[in-house]
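**Q** The structure is given below, and queries will be raised subsequently.
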Amino acid sequence: IGKYSIYNPKSVVESIVRNSFRNYWTSTETYEALKDYIRLDFDGLREKVTSMIAGEKVRINTAKFQNDMTTLNSADDVLTLLVHLGYLTYGEINSMGTGKVWIPNGEVRQEFINSIEDGGWEHLMRSINASEELLKATLDMDNEKVAQMIENCHNDNASIFRYNDENSLACVITIAYYYARNKYIMHREYATGKGYADIVFIPLPKQTELPAIVVELKYNHATETAINQIKEKKYTEKLQDYTGEILLAGICYDETKGHSCKIEKFQKL
């Protein structure tokens, strides 16, 4: 939380005792309880859960929570309970006393995925299952395939998010590239150059053969506009020391819900 890393003592101890590294905490109980809670039909709950799976932090009001596991009347009540149960982290409290919640790590994120694999979340799971193919198409610089796959993901999940909204598109992108977390660290609103890049993919230490990727999202603009903004605002500046290639990706859509993509290699000066 903040500058402090979070870990689970049981997982550390079990890894040492068994001389085997894996997710021990989540095996101490079934994910059925988590599944029951996140499937409750409260307004806004599905959008918030989807955003957190995508790596987002969502606003929460904990004031009405009744401190029990049965009096649940809103999405905020469910998320507050999941904080108590250890599935979510709570922090970033503002002056009004409200804070944000998020999924703390990949171990817990996988439990959320397990909980939505069947029953009512088919569109989201279809996007997640296609994410490995999307990453490959991106690395192959297959503009048409990338645009089509992102359009499919956006349309599939349009009922969850506001469609004509760049922030919502950014969340859709992080869902569409879910598999990329196995090879990259993904940053939203990455501070670099003269502003903030929408999404930046930085290869994990053991994946240095992969290119970094800088993504700029635009609504009702040409893909060239997005690419030019990356260059003009020097979004690649903090990645200059990276020894591999850098891919620039402009992803756009318009009022017809058509998506386009342009990917090119960044040429270092």
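Mind the numbering: the sequence shown is residues 19 to 287 in my numbering, read in order. Think of the CB as a built atom: it goes at the ideal place given N, C-alpha and C, for glycine as much as any other residue. All values reported here derive from a predicted model rather than from experimental measurement.
What are the start and end residues of the alpha helix (DSSP H) that includes F130?
**A** Counting from one through the sequence shown, the residue named residue 130 turns up at place 112. Where F130 is concerned, the enclosing alpha helix (DSSP H) stretches over G124 to I134.
**Q** Can you tell me whether D174 is buried or exposed, with buried defined as 16 or more other CB within 10 angstroms of its CB?
**A** Mapped onto the sequence shown, residue 174 falls at position 156. So D174 ends up on the buried side.
**Q** Out of K212, V218 and K224, point me to the one whose CA is closest to Y195's CA.
**A** Sequence index remark: in the sequence shown, residue 195 carries index 177 (1-based). Comparing Cα-Cα distances from Y195 to each of K212, V218 and K224, the minimum goes to V218.
**Q** Is N112 closer than 8 Å to D94 when the C-beta atoms are compared?
**A** Counting from 1 along the sequence shown, the entry for residue 94 is found at position 76. Counting from 1 along the sequence shown, the entry for residue 112 is found at position 94. The answer is no: Cβ separation not under 8 Å.
**Q** From I269 to K21, what does the alpha carbon distance come to, in whole angstroms?
**A** Residue 269 sits at position 251 when you count from the first residue of the sequence shown. Residue 21 sits at position 3 when you count from the first residue of the sequence shown. One C-alpha to the other measures close to 32 Å.
**Q** Sorted by chain position, which residues of the same chain lie with C-beta nearer than 7 Å to S145's C-beta, five sequence neighbours on each side aside?
**A** Along the sequence shown, one-based indexing puts residue 145 at 127. Only C171, D174, N175, I193 and A194 meet the Cβ criterion.
**Q** Where does the unbroken beta strand (DSSP E) through D216 begin, and where does it stop?
**A** Position 198 of the sequence shown, counted from the first residue, corresponds to residue 216. Its beta strand (DSSP E) spans residues G213 to P221.
**Q** Can you pull the DSSP bridge partners for Y202?
**A** Taking the sequence shown and counting its residues from 1, the one referred to as residue 202 is at position 184. DSSP, once it has assigned bridges, lists P221 as partnering Y202.
**Q** Please state if the CB of T68 and the CB of L152 are separated by a distance shorter than 8 Å.
**A** By 1-based counting over the sequence shown, the position of residue 152 is 134. By 1-based counting over the sequence shown, the position of residue 68 is 50. No, they are not a contact pair.
**Q** Do A198 and V233 count as a contact pair if the criterion is CB distance below 8 Å?
**A** For the purposes of this step, residue 233 is identified with residue 215 of the sequence shown, where counting begins at 1. For the purposes of this step, residue 198 is identified with residue 180 of the sequence shown, where counting begins at 1. Not a contact, by the Cβ cut-off of 8 Å.
**Q** Give me, in chain order, the residues of the same chain whose beta-carbon lies closer than 8 Å to that of G276; leave out the 5 immediate sequence neighbours on both sides.
**A** If you number the sequence shown from 1, residue 276 lands on position 258. E169, listed in sequence order.
**Q** Do you know how far the Cα of T89 is from the Cα of L222?
**A** As a working mapping, residue 222 is identified with position 204 in the sequence shown. As a working mapping, residue 89 is identified with position 71 in the sequence shown. Using only the alpha carbons, I get a separation of about 43 Å.
**Q** Looking only at its chain, what residues have a beta carbon closer than 6 Å to the beta carbon of F284, apart from the 5 residues adjacent to it on each side?
**A** Here the question's residue 284 lines up with position 266 in the sequence shown. Result list for F284: T254, I264 and L266, in chain order.
**Q** Less than 8 Å between the beta carbons of L106 and L97, yes or no?
**A** If you number the sequence shown from 1, residue 106 lands on position 88. If you number the sequence shown from 1, residue 97 lands on position 79. Taking 8 Å as the Cβ cut-off, L106 and L97 qualify as a contacting pair.
**Q** So, is D216 buried or exposed, given that buried needs 16 or more other C-beta atoms within 10 angstroms?
**A** Reading the sequence shown from its first residue, position 198 is the one you call residue 216. By the neighbour-count rule (16 or more Cβ atoms within 10 Å), D216 is buried.
**Q** List, from N- to C-terminal side, the alpha helix (DSSP H) runs of 4 residues or more that fit wholly inside the stretch 20-90.
**A** Correct list: 27-36, 50-56 and 63-71.
**Q** Tell me which same chain residues have a C-beta within less than 7 Å of the C-beta of L100, skipping the five on either side of it?
**A** Here residue 100 is taken as the residue at index 82 of the sequence shown, counted from 1. If we look at L100 and ignore the five residues flanking it on each side, its Cβ neighbours are Y55 and L106.
**Q** List in chain order: all unbroken alpha helix (DSSP H) runs of 4+ residues lying wholly within the stretch 219-280.
**A** Within the stretch 219-280, the complete alpha helix (DSSP H) runs of at least 4 residues are 241-250.
**Q** Cutting at 6 Å between CB atoms, please list the residues of its own chain near G73, excluding the five before and the five after it.
**A** Locating residue 73 in the sequence shown gives position 55, counting from the first residue. Around G73: T192.
**Q** Rounded to the nearest angstrom, what separates Q166 and I245 at their Cα positions?
**A** Counting from 1 along the sequence shown, the entry for residue 166 is found at position 148. Counting from 1 along the sequence shown, the entry for residue 245 is found at position 227. Computed Cα separation, rounded: 19 Å.
**Q** Let's see if you can read the secondary structure: which residues bound the beta strand (DSSP E) around T107?
**A** Within the sequence shown, residue 107 is the residue found at index 89, counting from 1. Element bounds for T107: T107 to G109.
**Q** In terms of DSSP beta bridges, what is E282 paired with?
**A** Taking the first residue of the sequence shown as 1, we reach residue 282 at position 264. Answer is L266.
**Q** If you check the beta carbons only, do I220 and I248 fall under 8 Å apart?
**A** Counting from 1 along the sequence shown, the entry for residue 220 is found at position 202. Counting from 1 along the sequence shown, the entry for residue 248 is found at position 230. Cβ distance not < 8 Å, so I220 and I248 don't count as in contact.
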